[in-house]
Structures are given as structure tokens and as C-alpha cells.
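Respectively, the protein sequence lines represent chains A and B. Counting in my numbering, the first sequence runs from 1 upward without gaps. Counting in my numbering, the second sequence runs from 668 upward without gaps. Backbone N, C-alpha and C fix where the C-beta goes; we use that ideal spot for every residue, glycine too. Here is the structure we will look at.
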Amino acid sequence: MAENRSKQESVSDPKRRNIIVSCFLGITAAITARLWYLQIIKGSDFSVASARNRVREITRPAPRGLVYDRQSRILLSNRLFFDLIVIPQYLQNKGKTLSIVSDLFHIPVNQIERKLVESQANPKFVPVRIKRNLSLHEVATLESNKFFLPGVDVDSAPRRDYLGNESAHLFGYLGEVTSKELDILNSQVSNYQYRVGSIIGKAGIERKYERYLRGGEGREALLVDALGRLQPDSSSDISINLSRAAQRGNDVYLTIDSELQAVATEAFRNKNGSVCAIDPRNGEILVYLSNPNYKLSMYQDGLTMEDWQTLRANPFKPLLDKVTGGAYPPGSTFKIMVAIAALEEGVITPDRKYNCPGFFVLGNGRWKCWKHTGHGSVNLENALKLSCDVFFYNIGNLLGIDRISKWGRLFGLGERTGLDLNMELPGISPSTEWKLRTKGLPWLSGDTINASIGQGFNLCTPIQILNAFAAMGNGGKLYKPHFLKKIVDNQGKIIFEERQTLIREIKLNPANIAVIKKGLYEVVHSAEGTAKKARVPGFTVSGKTGTAQTSALKFTKGVNQEDIAFRALDHAWFASYSPSDVPEIAVVVFSEYDGGGGGANAAPIAQQIIEAFWRKKFPEKFVGSSKTAMSTHMPNGARDGVSQDDVIEMHDDNNETEPVNIPDELR
Amino acid sequence: MVLLSLLRDKFKGMPWGIILTAYAIILIGLYNLYSATNATVNSMRFYDQITFILLGTLAAIFWGVFLELKSIERLSLLGYILVCIMLFSVDIFGRSAKGAERWLVLGPIRLQPSEFAKFVIILMVAQSFNMMKGFSEFSLLSLWRQILFIALPFLLILAQPDLGTASLVLLISGLQIATIKVRGKSILTLFIIVISFIILAWNFVLYDYQKQRVLTFINPMLDPRGSGYHSIQSMIAVGSGGLWGQGFGQGTQARLNFLPERHTDFAFSVWAEEHGFVGCILLIFLFSALIIQIFQSADRARDSFSALVSVGVGGFFLFHFIINISMVLGVFPVVGVPLSFFSYGGTHMITAMSCIGLIVAVERKRHLSTTSF
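Written out as C-alpha cells, the structure reads:
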């Protein structure tokens, strides 16, 4: 009774309450459905999203592959380098800590702070590199002060250890990938993509074999919180799935002979230019050297602006690889091309003699022989031996430039050897067509006269001269020069083995080759030869000297007039092979702006390399004094009874160059 | 002995079902908070919450056991005036928290008077109908008292500005009025007024950050690092829980700080991440049980005041539950609405426990009135 009364009194309507409760239950059902959707249907998607939130990947650079020489001696290695790092997550009392670091390592505070600001976008646990390549003393200093420096630490990373190797152009420097390179490189690799900051080979074999040497960077998955701070239990389950160890790159075995390379480096120390040696039997490069050099480690330590300016300002162009990247007038070394062309084209017979009165006249022009008094009547063999210019003026004139050019091209001049290193130049093997195309001028007969002694428009890279001499020495087989012996992966499996590549076999009359080879032998072994300094007791050496006039460059477009001072000096060439009959080594020495002749300045360097080559192969022949060794190996038993003073002293340079440049060809 | 029998007398008619459900949620909430606040490292908040629960229990006992419903009815106007003064003082010299002045600092105690407003408005609306006995149907105009009573705290809270709490005050009291026999025409009128009010509010009242919250609610992916961040991180946390959850203390979203406000407004995300769908269903069941029991209490009530208080308390839990869960599940804008008994926070805990105390008082009164005869 009372219950009914009170219910009537209530203004709150039970029906409406029921509607409200029904609505509530409906919404609850919808919420449950939503939970089902999020947790059951989309659960795995959100798990991935959650993992992406908390897992950060960091990469560990891979050690690059090692580089060995032909005897499997290590040329380039890796070693741990120590960097000073600051980890923002652990940094405490920032101002004080940084000022202590600044005092200890002599780095301005604002420089440290700038680096910290630059990397603010990174998660807090990512170390900021403050100073690279700490000395052991600096590492010890930091370790002993570490207690006072929370967040400051030493990080180690594998980097190139150059082991004192100085051949910067051969090995090439390393550097950070540029954005342009990044696209190109990443289109070539399938895994281990390059990223900003990746270190790549920028030159030399580091660049050429980059894809073998680079290795695979390691990856570490780390657990971080929302602020990017590293969590202590990072090493647990997530890391196992996503982490991988860094993989060392593949090892590259070169054909370079490090002992000969060292001999060449020592012998060529204070000269500019290049030295290269090849095995004429297969095209394996034994020595590869360009001077002036630069320190490879300088790039790795971080090239400063001053270093860069110094390198750029050096007039001798330390950054230029003068083996492949520089083309120079070949001088008298080119005479073998004219000689073989004349013989093969049948222009002359081996016995044809020309009289050398010391000059050559064609039309209004008058070209001097380097020996102003003249050589008298000379045949081809003697002309090579004496480097008589007039003889070659004559046969060059008979041949015409196109036939000279044809034979030069057969021997690889005017085209890249295919070494593909350091922006190899093709050089110039001039022809009438070439002059018309590039200069828009007709070929003059005087041009041929200049060209026939390797002057004028001729430009060759030392590697081209080397390869041409190797081909001449082995009877006409032009091999593609190469560095690579094999590439071995880090399990020791050979993944690539280089084979010799024959560019072409030049069809030559063996009798003609014999004449030229005899002449080249005489250059070294005859009493009148221009390269007596190249003799190696007990072994035969053939070669050709060359002294390229560079004063012509004065009139060449694009040459800085301020550089004339040293550019007016001659280039000294010496191209050689040994032994004379079936050569096992060919050596070219190119001494830039040497000022002296090839016989005096370049030949002794080649001699040291050849001697070192034989000393290695037949150490028993060098027991005791090398002077006593008998020249038993020689085919015609030439004796070296000639005094050490030679034709170089007779050099009488004619610096008053006529409008039609008449180069004085020397020695 | 006398005290004991007195106590036994006092405990007669206690709504044990409601109390047990409430404490079940509280204990789960406490358990969850231990993980959400990473209490193994810093347990300060965990112990704070235990203190709040004890204080809340005292408040519930105060309202439910020590006071009769009659005295509560008499005190409600006084309480209402007191809370309005507190709200007013917050507007003038409140302590700022995330762009909104919600705190009133009294020495060591920091209060959120807007929470108390939810409590007093329940009483005030219920009490206001005492003066209107004899009405069988209500027009909108006849509800002018209620509208005034609601409008004052609503505007004061909106001025803090705290849209979430202000809306809750409106919703809770609105639900109370919705159970009154109001004319259909009046409801239509109210509907039009509300719609126009929303449009006006959008253009003139809402702050940019509030508008932003509503906009990113429509598409949280618009701004995943900014205003959508809360929604997305919460959905990731809930979703990655899966069926069984990642286990207690294993929720990486919560533990690694990806989840913002994880011990307060997003405590349910932590629970969902660590205990999965199963854990969520348990919690939803408990909340539904609590709310339905409270509405059943309204059905049993003998007088308007009791019924309206029960409806108000039911609305209190209902709206907090629905809005908070919807927000956590990414289907509602991120507004600062805690999940009762589950989220960390002293004022809300005391208010929610006081509401339970009101139900106890209602039930005890009914019990006394039925047994006295």
C-alpha cells in the first residue's frame, strides 16, 4: 500500500529509465564490438605498430675487405679506431661536463655544442661523435676521468689501416657517399642499401672494387621509450629477431708486387710523375705509383679545409693519378710506333739508311735533331739506339700521319686501356680526321714531322706507353692491364678470379719485331745507347728513353700562364722491358717536369725496379757484389764497358722555339 | 557492545552487491595502476591512490552510514553553494594544469572542485523536485529552477576551461531530468536549443585546442605526432593487447611512455594492453553490473528524491564509463574524462565513492521505511 503511494509520488518515470538502461546496454555492446575489432581482428597490425614504436634500429659499420698483393701480403687492413662520443641520454650537468671535455681534448665548447644541436633529431641514445681517431693517450685520459664525465665515452669502429702504404692513387681514399652517388649505388645493390653517411671508396681500387670490399653493415635492434631513451633490457627477445652481425667485406688480391712497389716508391720519392710496371705475358700490373702523393689516412681522419686547400693549390696536382688520369706528350718513346708502322707498311726496309746532318728540312720548315752535329748515316736499329730524330722525321714524312695513327691505335694509343681506374684518359693519337674534327683545321705535313717523334698533338697516358711496350716485347699481344688476381669471401671461398684479357693480337712480321727489339736492346746495352743507366748486370733490358718538350704547352689553350715556369721543363720518359727476348716485366717511368732527359733521370728508376724484380726471382745471381755478375743472359753478349758519363751531358736545349715548334728530341 | 549493535543497526539494508562490484573495480584499478605507474620503480602514486581509496571509503561511510538521506537532502543546497564558490575561486585563482585551471590549492591539499560539482548537481536536481510535488507532467518552462541550478556550475566549469567536466555535469543532470515525465513538445524544443547551442559553442565558445581534439577525432591520422597522437597511441596499446594481453607489467606502450596520461585518463589502455580482450570484457561486465544495479535501486526507490539521486549516480558512472572507454578506443575525442575507480586521481575517487555513499543512503532509507512498519 505504502509502496504504491510512494511510487506515484516519484516524478522519475521507470519507463524512461528502462529506455536509458537499454541504450546503455546497446552502447556497451558497441564498445565490446569495437574492442573485438581492435584486439582480435586488427590485433596483429597493432602489435606491429607497437613494435615499430619501441624498436629502433642502429647500424654498425662493416669492416671493409682486406687488400692483398700478389704474394698474399696484406696491403690494406682494418683496425679499431677510437672516437670521443657524447650520449645525450646519459649526459648530466651538461655545461660543466662539456667544459671538462673541452679542456681535456682541446675542442672548443661551442663546437661540441654545435655537434649536439646538429644531431638533436636523433634518438637520445645515439652517440654524437665529437672527435675522431683518438690517440691511445687520449683514450687513457678519458678513461681515467670517466667517473666525472657521465655521458662521455669512447666508441670504437673498424676503419682502414693503411699500414704505412703510400700509394694513395692505387688504393684510393674513402669518404662519405654523396647524395648523387647514393642513388646510383643503391640501384646497383640488392641488399645492404647504402644510406646517408655510408663510407665508400672514392678512388682507386677502393672504388673499383667497392661492391666486393664494402661488406654488410651490422644491425642492432634496440628498445627505446617515447623520448628515444635506450631501455636497459634491450638485449632481450626483440634484438634476436632483428639484429645481425656486421659482415666483413670480401678480400681483394691484387697483382701488385708490394716489394717492387716499395722499391719504386723509394726510387721515385722526390720526383713527380708516375711509375708503372706490368707483366707483358698477361697484363698483370706489378707496380702502380703516382707522385706527388697524399696521405690516405688524412681523408679518413676527416679532411680539414686547410688540407684540402693545400692539396688543391699544389701545382704538381697530388690528387691526379698520373698513370691513367694524365695524358702527356710521349716523346721519343713513341718512335717505336713510327718504326713498326714504317716496317709493316713497307715504307722502308730494315737496312734503309738516312743521313742525319743534325737537321731535317721540309718546305720552309727546318727541324733539328737533338744532336746538332748529326748522327751521320743511320739505319732503323741505330736510329732507335741513338734516338736519331732526323731518321724518324724522314720515315714519318713518308708514312703520313694516318698510317702512324693506325699503328699507334693498334698498340692501344688513343683509347682507354680498360683499366677503369681514377678517370682514365684515352689520350690522343692524332690523325687528319682528328684534327679536322676537333680543331677544324687541315693536317699539315709539319704536324706529321712533329708527331713522328712523339711531339705535336700526341698525348699518351703512361699506362698506354707501358702496354704498348709490353705488346712490342711479347711480339704483338696487347693485353688488357688489370690489377685483380682474385676476390675471396670471408669464408675463404674464391668468388671471382680475373683472367687475362687479350685486347687484340697485332699481326706483325716477326722479322720486323726483331729489328725493333734489337734496336731497343741496343738502347740499353750498346756503348752509344741512350739508356745505359738501365742496365741490370746479368740480365738483358730493352727500353726507349724519351724527353718530351713541354714548352709547346705555352701556346696551348687552357694552360695557366703562371704555371709556365715549371711547365717549360721537360718530361723524362723511360719505357722498358726485361729480359729482352721474352720479357717478364715491362716498366715505364714518367718523370714530370723533370728538366732532365729520360736516360739520366727516368732510366735509373726503371733499372732499380727491374733489378729488384730479378733479385727476387734469382737471388743467387745477386750474391756478392752485383758488379761482378756476368752478363751471360744477353743474346749478343754486349759488354758494359762504357763510362758512366753519357749523352745527357750533351743536352743543349734550344729554348728559342720557332713559330712552328721544333722540338729538340733528346736521348 | 552498544557500539557494535549500533553498527549492526547502521549496516541494515546495505546494498552489498553495489558495494562489492565497486570494490572489485577499485581493486582491479589499483592492480592496474601498479603497472601503469611503474610502481616497482616509483610507488608514490600507487600509495597515493590507496590513500584516496581510504579517504573515499570514509566519504562513502560518511554519506551512506552516518548521515540520513533526509539530512543529505537538507544539506544539498548548502553543498551546492559551497561548490559554486569553489568553482568561482578556481576561475579566479586556480592552479594551471595543461592549459586549464582546474585545481584549487588549499595548503597541502589540491582539489578539483569541478569533480565535486558532479556530486552536488545530482543532489541539487533531485532536491529541486521536492518543491514541485503534484506535477504530473512538466513543461520546459516549469523546469526553470533546474535549468538555473545546472547552468551556474556548468558555465563556471566551462570558464576554467574544462569542456569534459562541464559536459558531464550537463549530461548527468540531463539524464536525471530525462527520466521526468516531460512533455514531448518540450523535449523537441530542448533538442533544438541544444543543437543551436552546439553550433554557437563551436563558433564562439570552444578553444582551438578543444576544436582540434574534435577534428582529429574524425581523423586522428591527420596529425599523428600532434593532436591525433593520444588516440593513435591508445589504439595501438589496446589493439596490441590481443585476446589475452601481454601480461602484467609487459605493456610496452605504457611502460615506455608512448601512452600519454596512462595512469589517469588512459588507464584503461594499459589494462587492455596487458590483459587483452578477456580482461576488458571482465571490466565492462563489472561496470555494467554496477550501473544496472544502481538503476535498479532507482526502481525500488519510494520517493522522487531517492529515485533521482539513484538515476544521477547511475548517470555519473554511465557517462564516465562510456566517454572514457570510447575515448580510449579511438571513437570519441580526447576529453579529460577519467574512468571512475580506475583512473588515478583523488578528487574523482572521493566523488565517486561519495556517489556510492548516496546509493547506500538511498537503500538504507528504503530499508528503514519498509521495516519500520
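**Report entry** 6 Å CB neighbourhood of G418/A in its chain, flanking five on each side removed
**Finding:** The sequence position of residue 418/A within the first sequence is 418, counting from 1. The residues are K480.
Requested in this report: Name, in chain order, the residues that DSSP records as bridge partners for D251/A.
Outcome: Here residue 251/A refers to the residue found at position 251 when the first sequence is read from its first residue. Its beta-bridge partners are V488/A.
Query raised in the report: Which residues in the same chain have their Cβ closer than 6 Å to the Cβ of G731/B, if we skip the five residues on either side of it in sequence?
Result: Start at 1 with the first residue of the second sequence, and residue 731/B comes out as number 64. Cβ neighbours of G731/B beyond the five flanking positions: G1024, V1027, A1028.
Query raised in the report: In chain B, what lies closer than 9 Å to Q39/A by C-beta?
Result: Stepping through the first sequence from its first residue, residue 39/A is reached at position 39. What Q39/A touches in chain B: V905, G906, S907, G908, G909, L910, G912, A939, G943, F944, C947.
**Report entry** Short CB-CB distance (under 8 Å) between G766/B and chain A
**Finding:** Numbered from 1 along the second sequence, position 99 holds the residue referred to as residue 766/B. Note that G766/B scores 48 on pLDDT, short of 50, meaning its location in the model is unreliable and no value can be drawn from it.
Query raised in the report: Hey, is V126/A's beta-carbon within less than 8 Å of any beta-carbon in chain B?
Result: Counted from its first residue, the first sequence places residue 126/A at position 126. It does not: the Cβ of V126/A has no partner Cβ on chain B nearer than 8 Å.
Query raised in the report: Should the segment 825-843 of chain B be regarded as contacting the segment 781-792 of chain B, the criterion being three or more beta carbon pairs within less than 8 Å?
Result: yes
Requested in this report: Measure the C-alpha to C-alpha separation of E217/A and Y874/B and round it to an integer number of angstroms.
Outcome: Counting from 1 along the first sequence, the entry for residue 217/A is found at position 217. Counting from 1 along the second sequence, the entry for residue 874/B is found at position 207. When rounded, the separation of the alpha-carbon atoms in E217/A and Y874/B is 51 Å.
**Report entry** CB contact check: A33/A to chain B, cutoff 8 Å
**Finding:** As a working mapping, residue 33/A is identified with position 33 in the first sequence. Contact of A33/A with chain B is not assigned, every C-beta pair being separated by 8 Å or more.
Query - Inside the segment 471-536 of chain A only - beta strand (DSSP E) runs reaching at least 3 residues - result: 477-479, 484-488, 494-497, 502-505
Query - Cα-Cα separation between A818/B and G95/A, rounded to whole angstroms - result: Sequence index remark: in the second sequence, residue 818/B carries index 151 (1-based). Sequence index remark: in the first sequence, residue 95/A carries index 95 (1-based). Cα to Cα, A818/B sits roughly 54 Å from G95/A.
Query raised in the report: What residues in its chain sit with their C-beta under 6 Å from that of I1017/B, if we drop five residues either side in the sequence?
Result: On the second sequence, residue 1017/B is found 350 positions in, with the first residue counted as 1. Excluding positions up to five away in sequence, the list reads L722, G723, A726.
Query raised in the report: How far does the alpha helix (DSSP H) with R73/A in it reach, from first residue to last?
Result: Residue 73/A sits at position 73 when you count from the first residue of the first sequence. Taken as a continuous stretch (DSSP letters only), R73/A belongs to no alpha helix (DSSP H), as it is neither H nor E.
Requested in this report: Would you verify that the beta carbon of S702/B is, or is not, closer than 8 Å to some beta carbon of chain A?
Outcome: Looking up residue 702/B in the second sequence gives position 35. Cβ-Cβ to chain A under 8 Å: no for S702/B.
Query raised in the report: Whose C-alpha, out of K533/A, R211/A, A339/A, V139/A, is nearest the C-alpha of I395/A?
Result: Taking the first residue of the first sequence as 1, we reach residue 395/A at position 395. Closest by alpha carbon: A339/A.
**Report entry** Residues sharing a beta bridge with E284/A, DSSP
**Finding:** For the purposes of this step, residue 284/A is identified with residue 284 of the first sequence, where counting begins at 1. Per DSSP, D279/A, H482/A.
Requested in this report: Take P828/B as the anchor and find which of A689/B, A968/B, F864/B, D758/B has the nearest alpha-carbon.
Outcome: Translated into the one-based positions of the second sequence, residue 828/B becomes position 161. The option with the nearest alpha carbon to P828/B is D758/B.
Query raised in the report: Going by the CB atoms, is the gap between N145/A and L76/A shorter than 8 Å?
Result: By one-based count along the first sequence, residue 76/A stands at place 76. By one-based count along the first sequence, residue 145/A stands at place 145. Cβ distance not < 8 Å, so L76/A and N145/A don't count as in contact.
Report task. Would you list, in chain order, the members of the segment 952-967 of chain B that have their beta-carbon closer than 7 Å to a beta-carbon of chain A? Result -> S955, I958, I959, F962, A965, D966
**Report entry** 4-residue-minimum alpha helix (DSSP H) runs that sit fully inside the segment 295-361 of chain A, ordered along the chain
**Finding:** List check, alpha helix (DSSP H) in window: 296-300, 305-313, 335-344.
Query raised in the report: Taking the continuous beta strand (DSSP E) assigned at K621/A, which residues delimit it?
Result: In the first sequence, counting from the first residue as 1, residue 621/A sits at position 621. Where K621/A is concerned, there is no enclosing beta strand (DSSP E), given that its DSSP letter is neither H nor E.
Requested in this report: Could you check which residue in K406/A, W308/A, G249/A has the C-alpha nearest to that of K507/A?
Outcome: Residue 507/A sits at position 507 when you count from the first residue of the first sequence. Of K406/A, W308/A, G249/A, the residue nearest in Cα terms is K406/A.
Query raised in the report: Nearest-angstrom Cα distance between I961/B and A921/B?
Result: By one-based count along the second sequence, residue 961/B stands at place 294. By one-based count along the second sequence, residue 921/B stands at place 254. Approximately 33 Å, taken between the alpha carbons.
Query raised in the report: Thinking C-beta only, is G909/B closer than 8 Å to S50/A?
Result: Locating residue 50/A in the first sequence gives position 50, where the first residue counts as 1. Locating residue 909/B in the second sequence gives position 242, where the first residue counts as 1. Their beta carbons are not under 8 Å apart, which means S50/A does not touch G909/B by this criterion.
Requested in this report: Look up N133/A in the DSSP assignment and say whether it is helix, strand or coil.
Outcome: Locating residue 133/A in the first sequence gives position 133, counting from the first residue. Looking at N133/A - three-state DSSP - the assignment turns out to be coil, as it is neither helix nor strand.
Query raised in the report: If we ignore side chains and look at the alpha-carbon of each, how far apart do A534/A and P329/A end up?
Result: By 1-based counting over the first sequence, the position of residue 534/A is 534. By 1-based counting over the first sequence, the position of residue 329/A is 329. The straight-line gap from Cα to Cα measures roughly 22 Å.
Requested in this report: Out of V55/A, P537/A, N355/A, point me to the one whose CA is closest to R219/A's CA.
Outcome: Looking up residue 219/A in the first sequence gives position 219. Ranking the options by Cα distance to R219/A, first place goes to V55/A.
Requested in this report: Could you pull out every residue in the same chain whose Cβ sits closer than 6 Å to the Cβ of P318/A, ignoring the five residues on either side in sequence?
Outcome: Your numbering for residue 318/A matches position 318 in the first sequence. Excluding the 5 residues flanking it on each side, P318/A has same chain C-beta neighbours closer than 6 Å at P292, Y294, L311, in chain order.
Query raised in the report: Any chance the segment 492-504 of chain A sits against the segment 515-522 of chain A, with 3 or more Cβ pairs inside 8 Å?
Result: No, they do not touch.
Query raised in the report: In chain order, what residues of the segment 811-844 of chain B put their CB closer than 7 Å to some CB of chain A?
Result: L842
Requested in this report: Just mark S69/A as buried or exposed, buried being the case when its beta carbon has 16 or more other beta carbons within 10 Å.
Outcome: Position 69 of the first sequence holds residue 69/A. Contrary to the premise, residue 69/A reads as Asp rather than Ser in this sequence. Per the 10 Å Cβ criterion, buried.
Report task. Have a look at P14/A and S44/A and give me their C-alpha separation to the nearest angstrom. Result -> Against the first sequence, residue 14/A aligns to sequence position 14. Against the first sequence, residue 44/A aligns to sequence position 44. Between P14/A and S44/A, the C-alpha separation is close to 45 Å.
Requested in this report: Pick out whichever of S971/B, K848/B, H1034/B, S1007/B has its Cα sitting closest to the Cα of I951/B.
Outcome: For the purposes of this step, residue 951/B is taken as residue 284 along the second sequence, with counting starting at 1. It is S1007/B whose Cα lies nearest to the Cα of I951/B.
Query raised in the report: Are the beta-carbon atoms of N53/A and F925/B separated by less than 8 Å?
Result: Working through the first sequence from its first residue, we reach residue 53/A at position 53. Working through the second sequence from its first residue, we reach residue 925/B at position 258. In contact: N53/A and F925/B (Cβ atoms closer than 8 Å).
Query raised in the report: Under the rule that 16 or more other beta-carbon atoms within 10 Å means buried, what is K544/A, buried or exposed?
Result: In the first sequence, the residue the question calls residue 544/A occupies position 544. Classification of K544/A: buried, given that the 10 Å Cβ count is 16 or more.
Report task. Give, in chain order, every unbroken run of the alpha helix (DSSP H) that is at least 4 residues long and sits entirely within the segment 830-854 of chain B. Result -> 830-845
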